[in-house]
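A quick write-up on the structure given underneath.
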Amino acid sequence: MARRQPESTWPPPPREAPTCALCDRAVPQLTEHHLLPRSQGRRQGLRVTDLPTAMLCGPCHKFLHRTFSNVELAREYRNLTALRGHEDVQRFVRWLRTQPATKAVRVR
1 MARRQPESTW
11 PPPPREAPTC
21 ALCDRAVPQL
31 TEHHLLPRSQ
41 GRRQGLRVTD
51 LPTAMLCGPC
61 HKFLHRTFSN
71 VELAREYRNL
81 TALRGHEDVQ
91 RFVRWLRTQP
101 ATKAVRVR
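Start counting the sequence shown at 1; every next residue gets the next number (my numbering).
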């Protein structure tokens, strides 16, 4: 009786693109957004490694920092639910979802 060779695992299957926590788009690369900004967390005596984070695509991350100050982010938008509830963020995310993930998006 002949033995069957196991099926090859080469080449490895392609990885799925990671998903942005704010806009839910699958993008090639994500950045780490501190939900409680580092400057504000240090003022509260927290270590940077203990601060809550979310993985966001570049356009979402840039939009948040251009829209809100670190003080606003620390006081009012310390979690994704609060961020998603803001009208400007909703409008931006709705527009961003219509853009291809490979397209460079300019945030103003």
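Every residue gets a Cβ at the ideal spot worked out from N, C-alpha and C, and that includes glycine.
Selected residue, minimal CA-CA separation from residue i, among the options
i	options	result
Arg15	Arg94, His86, Pro28	Pro28
Pro52	Ser69, Leu64, Glu32	Glu32
Asn111	Thr9, Pro18, Arg3, Leu56	No statement about residue 111 is possible, as the shown extent of the chain runs from 1 to 108 and does not include it.
Lys62	Pro100, Val107, Arg84	Val107
Ala74	Pro100, Gln40, Val105	Gln40
His34	Leu96, Val71, Thr98	Val71
Euclidean distance between Cα positions of residue i and residue j
i	j	result
Leu22	Cys60	7 Å
Tyr77	Pro12	40 Å
Residue j beta carbon less than 8 Å from that of residue i
i	j	result
Pro18	Leu36	no
Ala126	Arg25	An answer regarding residue 126 cannot be provided, because it is not within the stretch 1 to 108 covered by the chain.
Reduced DSSP secondary structure (H/G/I, E/B, other) of residue i
i	result
Thr81	helix
- [ ] Count the C-beta pairs between the stretch 82-98 and the stretch 63-74 that are closer than 8 Å, then say yes if the count reaches three, no if not.
- [x] yes
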